[in-house]
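S.K.:
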Amino acid sequence: MTTSVVSIVYVNDAPAAARFYGDLLGMSPSFETSGYITFDLGPGADLGLWSGQFE
Numbered sequence: 900m901t902t903s904v905v906s907i908v909y910v911n912d913a914p915a916a917a918r919f920y921g922d923l924l925g926m927s928p929s930f931e932t933s934g935y936i937t938f939d940l941g942p943g944a945d946l947g948l949w950s951g952q953f954e
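One gets the working numbering by counting positions in the sequence shown from 1 and adding 899 to each.
1) Going by DSSP, which residues form a beta bridge with residue 939?
2) Tell me which residue opens and which closes the beta strand (DSSP E) that residue 906 is part of.
3) For the alpha helix (DSSP H) containing residue 921, list its first residue and its last residue.
4) Roughly how many whole angstroms lie between the Cα atoms of residue 941 and residue 903?
5) Could you work out which residue in 906, 901, 910, 905 is closest to residue 950 when comparing CA atoms only?
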């Protein structure tokens, strides 16, 4: 059985947070919308940045 874990960080500005975490982690987002962005951290682990806002 495969298990996935998504850790979600609630942010005010998802694109700005993605730039910060992208620089910190040295990687680009694996999925991106205006209000939700994820980074693939490895097998079964993702970091999600959620602003709750979509344009």
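C-beta: ideal position from N, C-alpha, C; glycine also.
M.R.: On the basis of the coordinates in this document:
1) 945
2) 904-909
3) 913-924
4) 10 Å
5) 910
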